[in-house]
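Note sheet for the following structure.
There are 4 protein chains.
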Amino acid sequence: MTESSTHDSQASVQHVALIVGGGPGISSSCARLFAENGMRVAVAARNPEKPVLQTLEEKHGVRRYACDASEPAAVAQLFEHVVRDIGTPRLVVHNIDGRVPGILRKTLIEVDPPMVSETIRNAAFSAFLVGQQAARCMLGNEPDANGARGTVVFTNASAALKGYPSSAAFAMACHAKSGLAQSMARELMPQGIHVANVPIDAAIGWTQEDGSRAHRLAGTAVDDNLADPDHIAQTYLQLHRQHRSTWAFEVVLRPWVEKW
Amino acid sequence: MTESSTHDSQASVQHVALIVGGGPGISSSCARLFAENGMRVAVAARNPEKPVLQTLEEKHGVRRYACDASEPAAVAQLFEHVVRDIGTPRLVVHNIDGRVPGILRKTLIEVDPPMVSETIRNAAFSAFLVGQQAARCMLGNEPDANGARGTVVFTNASAALKGYPSSAAFAMACHAKSGLAQSMARELMPQGIHVANVPIDAAIGWTQEDGSRAHRLAGTAVDDNLADPDHIAQTYLQLHRQHRSTWAFEVVLRPWVEKW
Amino acid sequence: MTESSTHDSQASVQHVALIVGGGPGISSSCARLFAENGMRVAVAARNPEKPVLQTLEEKHGVRRYACDASEPAAVAQLFEHVVRDIGTPRLVVHNIDGRVPGILRKTLIEVDPPMVSETIRNAAFSAFLVGQQAARCMLGNEPDANGARGTVVFTNASAALKGYPSSAAFAMACHAKSGLAQSMARELMPQGIHVANVPIDAAIGWTQEDGSRAHRLAGTAVDDNLADPDHIAQTYLQLHRQHRSTWAFEVVLRPWVEKW
Amino acid sequence: MTESSTHDSQASVQHVALIVGGGPGISSSCARLFAENGMRVAVAARNPEKPVLQTLEEKHGVRRYACDASEPAAVAQLFEHVVRDIGTPRLVVHNIDGRVPGILRKTLIEVDPPMVSETIRNAAFSAFLVGQQAARCMLGNEPDANGARGTVVFTNASAALKGYPSSAAFAMACHAKSGLAQSMARELMPQGIHVANVPIDAAIGWTQEDGSRAHRLAGTAVDDNLADPDHIAQTYLQLHRQHRSTWAFEVVLRPWVEKW
């Protein structure tokens, strides 16, 4: 059987995908790609009125939800509403960076403790909350053609692979997210839920509507040394479609010219 | 752009693929899948007259080559012949286990030293030879639509992740292969060659022509706890098609119920 | 120069050591060993009136401090008081497990979210607070004979190496602690502060006053498969005494019969 | 019990130590330190007539043996002779770099295949041979006061942690050595033999008889960014003396200013 025919049959299943985090990079690329592949797609963000999300709704039928993903009740409610509106998710992506403003490049002794706890809460505790609700939903799903009840993907960062200087809070949050993903994978994969941790070992860059290139790190030259979120989304979709006979847990993505 | 259209345009390129190692598992699955996706495919094995390889030729037009991959001159000649016959490879898979007969479960003090050097030679030195010739060929390729001059995939094993007791020789060979793959990745990826190390953290099992399940480890029950080589081949193809903006270097594949 | 003479000259320096966490295992062993080796020793615990800490004071002159190590102000005050009372610490050990009661073996969907945030706060956020105050103090120290301004040791657990099923919160906390330690090491080692992460890959067991063996995990047989805290303390002392030419960052300690 | 008294009682045991590899750096530092701590010490080298080894004999009573450690028969004979001359080793150090002349900084396509197999043979196959003979000897030892039948230490390099570009052969050899050490540790530690892998993540530098500093990498400035072999030897001795309740398997040593 060729890949194409696999995709057609998959598309007919009309899987539901939920993306938590609503930026113009990976979240938007995922929403577009999943919709193009026949899924019903929901995106949750603190502010769902952002133009980039409105465009996703208009062009791709993506549903938008308001959610502070670091609040247990808000995350529980989000999943309830998504299930009610478009069905039980088969694919959940947690795509929140979580660093608070002002924390970048602060040395260990400069950083304010509340910034640390807030970064951990935004990035890692929210990943727990989303992962827990995803598991609750998915354990009730029937296995699909690949033997899976669902897929949970955590976007992660270089800081999950290596704790950098002047970056203690983010190192803590990203490592915590990796620990969560590992624990979930060992617990849930034998129950049919595919859990994946995807550290993007690079800055993210993408093409804007006007054709120019955008990227997240101010001051970085826009060149090939940026991971393209459309290609990251492709990997997430492939992970979702892997047969349970051969699940990948961790995939580090980096541009060809990146030092590591 | 959808995945399907990407595949069509990729298929039209008629990439050349060379698989070194010719067993009925991963090598055969790769040969079939690559041929089905429009590539010209060559397989090299110590004994290319095996029925499984003859079938690949008959059904899928796969070219067969005799090669002892642990011999420098033989590997150099293999690449010459493949280039001459079907063109310069864009995708090279090294898929050799290399353990010599009788080495399984030998304790450290029981194993004969020549078995150790032969296992390292079969599994790891051959990977160097194949990787070196692949690089020589591919550095002359033009970048394709994904920005790649070529892809080199090394099949690896659990022993690359963890040195098991009573398995020193295989631990050495698999770790050496990982070291090679890392060094090649850091050297060649910035030159446009995608290098990937794929440890399969499981025994391999597949469906035989008569519909029964086969697997490599005698005495293992055939159940879900076996990696299906058709799905492994899918991952290799996806790695080959990754855009250079987001290359994965290491992907560990394991069945859903595997302990790790 | 022999080890013994090194030790004598070190002892004469009268380093100040602060141990945060006050249990009868590693903390007590460290306090005893550091005092026996000529250091002035402080121990901080939520409840400093525990008999085991009173004994340390009586027999070894150890100072006791009350401190909730997950409170920024409390940790800042602790360091002020220790500096005022016995001098600026050269060796700080963070030895807090942090798991809240009732969290053990809870599956992902059973665990209450507040338990997760509290475990992270107790175990990992407190490590940040202690590490930050330690750095503030030590950066003002003159280098000692080994070229060090001070040493910060984080006790860690198996869950830092591997996220276990039904253990998401602890996996998150221990991974976060590893991320913190790495970030601190890369930032502070070039400034003369030795940072070490020491995952103990085993349950802890020790000999009680009455000669019987105690250990932390109810239901575990007391046998050789327990790490002896007196020997763990020896490793911490050796880390503190390493010359800056050859600093170890991570040391995993496990009993000889432990599976890994 | 203080460290000092532990050392005295250890010294009285008169352990036998064998160091394979005979350079002026780590091997010489180990020989001196072990002799000063009361051990009977043997050093094996391809050329045991080097002045640095003669000095070790004259000043420290170190026995010298000729041995090509990549030859099975030669290694077997070495152990026979050491046992006959000074007793069964309790501490064996494998300290061979193994890179052949001319291999440094060769790109993947420049390096000659025989250089690769010779580097693997010198560095990794010799480690297997030494480890196997060490195990054969030590399994017959009675446990000492720390519960150990013996200790095997493998000196390793940065290339064991990371495969560098233009360094495929050394990456393979060092990774193979790590795989060997892991397999041996999992097999032999439950039988009472402590196996340790010690990657030195730095160039090595030491003080020569005339007081000047020497180091292994031509063209490297002599500064603090060099690991001092006297301090490396201290770590090896501490590993040998660790109680089996708390064995470290891998210890990476790097200078305080090293980037990692």
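Protein chains in written order, with our numbering: chain Y, 1 to 260; chain C, 1001 to 1260; chain V, 2001 to 2260; chain X, 3001 to 3260.
No residue lacks a Cβ here, since even glycine has one placed at the ideal position from N, Cα and C.
Neighbouring residues, chain Y, relative to residue i (Cβ below 9 Å)
i: Asp2151/V; result: Here the sequence assigns Thr to residue 2151/V, which means Asp is not the residue at that position. None at all; the shortest Cβ gap to chain Y is about 15 Å.
Supposed close pair residue i, residue j - CB separation, criterion 8 Å
i: Cys137/Y; j: Thr88/Y; result: 5 Å
i: Asp2085/V; j: Arg2063/V; result: 6 Å
i: Val2083/V; j: Ala2044/V; result: With a Cβ gap of about 13 Å, Val2083/V and Ala2044/V do not count as contacting.
i: Ala2135/V; j: Leu2188/V; result: 6 Å
i: Asn95/Y; j: Ile26/Y; result: 5 Å
Distance, residue j Cα to residue i Cα
i: Ala3124/X; j: Thr1119/C; result: 13 Å
i: Phe3034/X; j: Ala1181/C; result: 38 Å
i: Pro2101/V; j: Pro2165/V; result: 18 Å
i: Arg32/Y; j: Ser158/Y; result: 25 Å
i: Ala1185/C; j: Ile3109/X; result: 13 Å
i: Pro3114/X; j: Arg1121/C; result: 12 Å
i: Gln2132/V; j: Gln2054/V; result: 28 Å
i: Ser3009/X; j: Arg3241/X; result: Its pLDDT being 44, under 50, Ser3009/X is placed unreliably in this model, and the value from its coordinates should be taken loosely. Taking the straight line joining both Cα atoms gives about 11 Å.
i: Gly3098/X; j: Lys1259/C; result: 37 Å
i: Ser29/Y; j: Ser3117/X; result: 47 Å
i: Ala2066/V; j: Arg2046/V; result: 5 Å
i: Gly205/Y; j: Ala74/Y; result: 30 Å
i: Val3041/X; j: Ala2173/V; result: 46 Å
i: Asn1037/C; j: Lys1059/C; result: 14 Å
i: Gly3163/X; j: Phe128/Y; result: 34 Å
i: Ser3183/X; j: Asn1156/C; result: 17 Å
i: Met39/Y; j: Glu71/Y; result: 27 Å
i: Gly140/Y; j: Ser1167/C; result: 41 Å
i: Phe3079/X; j: Asp3230/X; result: 25 Å
i: Leu3237/X; j: Ala2148/V; result: 21 Å
Beta carbon of residue i nearer than 8 Å to that of residue j
i: Val3257/X; j: Pro2190/V; result: yes
i: Ile3193/X; j: Val3130/X; result: no
i: Ala171/Y; j: Ser126/Y; result: no
i: Asp228/Y; j: Thr1246/C; result: yes
i: Val2198/V; j: Thr2235/V; result: yes
i: Asn3146/X; j: His3081/X; result: no
i: Gly1179/C; j: Arg1090/C; result: no
i: Leu2239/V; j: Ala2202/V; result: no
i: Val3092/X; j: Leu3161/X; result: no
i: Ala2169/V; j: Ile2232/V; result: no
i: His3015/X; j: His1175/C; result: no
Proximal residues of chain V, C-beta to C-beta of residue i below 9 Å
i: Met3138/X; result: In chain order: nothing, as chain V lies at least about 13 Å away.
i: Gln77/Y; result: Residues of chain V passing the Cβ test: none, with the nearest at roughly 13 Å.
7 Å Cβ cut-off: residues of chain C touching residue i
i: Met189/Y; result: Trp1256
Cβ-based burial, residue i [other Cβ within 10 Å; buried from 16]
i: Pro2143/V; result: exposed
i: Lys3177/X; result: buried
i: Ala1221/C; result: Low per-residue confidence applies at Ala1221/C: pLDDT is 43, beneath 50, and the placement is therefore not dependable, though the value from the model is reported in the following sentence. Label assigned to Ala1221/C: exposed.
i: Ala1218/C; result: Here Ala1218/C scores only 48 on pLDDT, less than 50, and its place in the model should not be relied on; the value that follows carries that caveat. It counts as exposed.
i: Arg2105/V; result: exposed
i: Gly1023/C; result: buried
i: Glu2049/V; result: exposed
i: Pro255/Y; result: buried
i: Pro2051/V; result: exposed
Residue i: contacting residues in chain C (beta-carbon distance under 9 Å)
i: Lys3106/X; result: Residues of chain C passing the Cβ test: none, with the nearest at roughly 11 Å.
Contact set between residue i and chain X, taken where Cβ atoms lie within less than 7 Å
i: Lys1059/C; result: None at all; the shortest Cβ gap to chain X is about 35 Å.
i: Thr2088/V; result: Neighbours of Thr2088/V on chain X: none; closest Cβ ~20 Å, over 7 Å.
Contacts that residue i makes with chain V (C-beta to C-beta distance below 8 Å)
i: Val3251/X; result: Ala2248, Val2251
i: Val116/Y; result: Phe2125, Phe2128
Interface partners of residue i on chain X, CB under 8 Å
i: Ile2232/V; result: Thr3246
Interface residues of chain Y facing residue i [CB-CB closer than 8 Å]
i: Cys2174/V; result: Gly179
i: Ala1227/C; result: Ser245, Thr246
Any non-hydrogen atom of the ligand GTP within 7 Å of residue i CB
i: Gln14/Y; result: Annotation note on the ligand GTP: not contained in the displayed structure, which lists no ligands.
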